[in-house]
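The sequence shown begins at 0 in numbering that gives the first Met the number 0 and counts up by one. C-beta: ideal position from N, C-alpha, C; glycine also. This report refers to the structure that appears directly beneath it.
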Amino acid sequence: MSRIDEPGAPSNEAPAPPPQGSQRPRAASRPRTSKGASRSHAAQKGLSAAAMLGFSIALITFVLDQATKLYTFYIYDLPVKEPVELAPFVNLIVVWNRGISYGLFQQSTELGRWGLIVISILAAIGLSFWIRRTTAKLLAASLGLIVGGAVGNVIDRLWFGAVFDFIQFHIGSWSWYVFNVADAAIVAGVVGLLYDSFVLEGRRARK
C-alpha cells in the first residue's frame, strides 16, 4: 500500500528540474517611436494648424465679401443712391466687372464669362490642396485670402453674370480701380504669397 501524506506535511522529494531547452517566456517587446514620428503620424490624420488657419481665413473672406455685396446692393440699395461719398477719397458706386480683379481682361461673351468661372474654380481647388499640404501659417493665410476672394467673385458671376464692384478710391478727379472685398483679399493674398516665397521660404530652408 502506498502511503498517503497528510495535507501540509513536508515532502522529501525534490522538485523535478525543468526540461532542457525550455526558456522563461519574455515579454513582447514594443516598438519605440519618437515623439516627432508620433506627431507626424497624427498630423497626417487631420489638418495642421496652418491648414486650419488657411481654410478659416478663406471662409471668413468669402462670408465677408458676400455679406457686404448683398447688403450694399439689396438693403442699402446702392444702384439708386450712387454715388455715395464715404470720405474725401472714398466713394461707393456700382460697377459691373466682366473681367478678373480690378477690371483686367474684360469678357463680353458668355463663353468668356464661363471660361473665367471655370478657371477661378480650378484655381481655388488647386490652392486649397496647397493649403492642405503646407505647414507655414503665413503661406496658408495668404492662400486662404486668394481662395475666399476667388470663390466670392465666382458666386457673383453665377448670380449676376458679372462681379459687383462698389468701392472707389480717388484723389480729386483721378480715380483708381473700383473693387470689392474679394478683390482686396486677393491682392493681399498675392502680396503675402510673394513675401513668403522670396523671404520666409529662404529662412525655412536654412533651418
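| Asked | Found |
| --- | --- |
| Take V117 as the anchor and find which of I154, A183, I170 has the nearest alpha-carbon. | I154 |
| In whole angstroms, give me the CA-to-CA distance for F88 and Y176. | 13 Å |
| Out of curiosity, what's the CA-to-CA distance linking V189 and D182? | 11 Å |
| Give the secondary structure of L221 by DSSP, where H, G and I count as helix, E and B as strand, and everything else as coil. | No information on residue 221 is available, as it lies outside the stretch 0 to 206 that the chain covers here. |
| Please go through the same chain and pick out, in chain order, the residues whose beta-carbon is closer than 6 Å to the beta-carbon of T32, but skip the five residues on each side of it. | With a pLDDT of only 47 at T32, under the threshold of 50, the placement of this residue in the model should not be trusted; the figure read from the coordinates follows. Cβ within range, chain order: n/a, list empty. |
| What's the C-alpha gap between F168 and G45? | 42 Å |
| Are I124 and L142 close, meaning C-beta to C-beta below 8 Å? | no |
| If you follow the beta strand (DSSP E) that Y176 is in, where does it begin and where does it stop? | 173-178 |
| How about G148 and I185: do their beta carbons lie closer than 8 Å? | yes |
| Name the two residues that bound the continuous alpha helix (DSSP H) containing V117. | 109-132 |
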